[in-house]
Amino acid sequence: MQIGPLQNRKDMCYKAVRKPTLEVFLFRSPRIRDQPRRSEGFFSASAYFAMAPVSALAKYKLVFLGDQSVGKTSIITRFMYDKFDNTYQATIGIDFLSKTMYLEDRTVRLQLWDTAGQERFRSLIPSYIRDSSVAVIVYDVASRQTFLNTAKWIEEVRTERGSDVIIVLVGNKTDLVEKRQVSIEEGEAKARELNVMFIETSAKAGFNIKALFRKIAAALPGMETLSSAKQEDMVDVNLKSTTGSAQSQPQSSGCAC
């Protein structure tokens, strides 16, 4: 039969499956094309699609907010790659990373949006908050001003999303023990006052980074009924335990926190 201009395409291969009133063309990518065939010719349409079931993968958008140099990028980098960069590089605009998490009863994809803390980029942020599932508000425990500014970040999130969003307040840089200006009790009190979740972390030491994402995962829609014991095993991020200072690694953008 005549196929027309599709005959000359080298990157696809096809076979016409003739039915009484319908012709179905099955296209195969080069990777699929190179695999062994079950029988002579291509699979039938029903067999082809039966072997490749498509299941919906739940996606959740996490937007990281906070003042400049509080460690938003470093938290994400530690979670994604178990790395820490001692070289400070400010995030320009918005960065995006994605990670699949294996939960107790499903697999989800977390879309991590890293925002710039500089004032000149503030106009970009509302549009990224608007469709977020989780807002992670980060402050530096060694900088009281960044802690005080968390209230306005939370207010901005609620202006855009109302109550239809999970908000987590994160006190980062707990490794700076002698420079600490904000106690854990103050952080907990602020979280209770603003009705948000709370945790302290150190991206540099790797402290509580996995716990942060466990806390977020436990709060995602549909996860509320899981027991706390099961939640401990929800996140499979394959991170090694970190003791002392982490090895410095280059990255495209981030801040040493």
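Take the sequence shown: its position 108, counting from 1, is numbered 149 in the numbering used here, and each next residue is one higher. C-beta atoms are modelled at their ideal positions from N, C-alpha and C, and glycine is treated no differently.
Rounded separation between residue i and residue j - CA only
i: Arg344; j: Phe254; result: Because the chain spans 42 through 298 in this model, residue 344 falls outside it and cannot be assessed.
i: Asn190; j: Asp108; result: 8 Å
i: Thr156; j: Ser173; result: 13 Å
i: Asp126; j: Ser115; result: 7 Å
i: Ala199; j: Val218; result: Per the sequence presented here, residue 199 reads as Arg, with Ala not at that position. Approximately 32 Å between the Cα atoms of the pair.
i: Glu196; j: Leu261; result: 21 Å
i: Lys271; j: Ala259; result: Note on Lys271: pLDDT 39, under 50, position unreliable in the model; no value is reported.
i: Lys100; j: Ala232; result: 26 Å
i: Leu304; j: Asp123; result: An answer regarding residue 304 cannot be provided, because it is not within the stretch 42 to 298 covered by the chain.
i: Glu229; j: Val209; result: 11 Å
i: Asp136; j: Ser224; result: 30 Å
i: Glu227; j: Val149; result: 33 Å
i: Asp216; j: Lys245; result: 7 Å
i: Ser204; j: Phe188; result: 22 Å
i: Ala252; j: Ser168; result: 28 Å
i: Ala176; j: Ile207; result: 6 Å
i: Arg185; j: Asn213; result: 12 Å
i: Lys113; j: Ile250; result: 12 Å
i: Glu145; j: Thr128; result: 37 Å
i: Trp300; j: Tyr143; result: The requested residue 300 does not occur in the structure, where the chain is confined to residues 42 to 298.
Bridge partners - residue i, DSSP secondary structure assignment
i: Gln152; result: Lys102 and Ser139
i: Leu165; result: None, per the DSSP bridge assignment.
i: Tyr15; result: Within the shown structure, residues of the chain are numbered from 42 to 298, placing residue 15 beyond reach of any answer.
i: Val175; result: Leu103 and Ile207
i: Glu241; result: Gly212
i: Phe248; result: Ser243
Best match in the options for proximity to residue i [C-alpha to C-alpha]
i: Phe239; options: Lys220, Val223, Tyr101 and Lys256; result: Lys256
i: Val211; options: Arg150, Thr242 and Ser224; result: Thr242
i: Leu153; options: Ile195, Thr141 and Leu103; result: Leu103
i: Thr141; options: Leu98, Asp216, Phe248 and Ile178; result: Leu98
i: Gly247; options: Ile178, Pro167 and Met121; result: Met121
i: Ala183; options: Val206, Lys220, Ala252 and Leu106; result: Lys220
i: Arg171; options: Phe105, Ser110 and Ala252; result: Phe105
i: Val179; options: Val111, Asn249 and Ala252; result: Val111
i: Gln222; options: Asp181, Asn249 and Ala176; result: Asp181
i: Glu234; options: Ala192, Lys214 and Ile250; result: Ala192
Cβ-heavy atom distance, residue i to the ligand PLP, below 7 Å
i: Gly112; result: The ligand PLP is absent from the structure shown, which contains no ligands of any kind.
Residue burial classification, residue i (beta-carbon count within 10 angstroms, cutoff 16)
i: Asn236; result: exposed
i: Leu151; result: buried
i: Thr118; result: buried
i: Leu165; result: exposed
i: Glu201; result: buried
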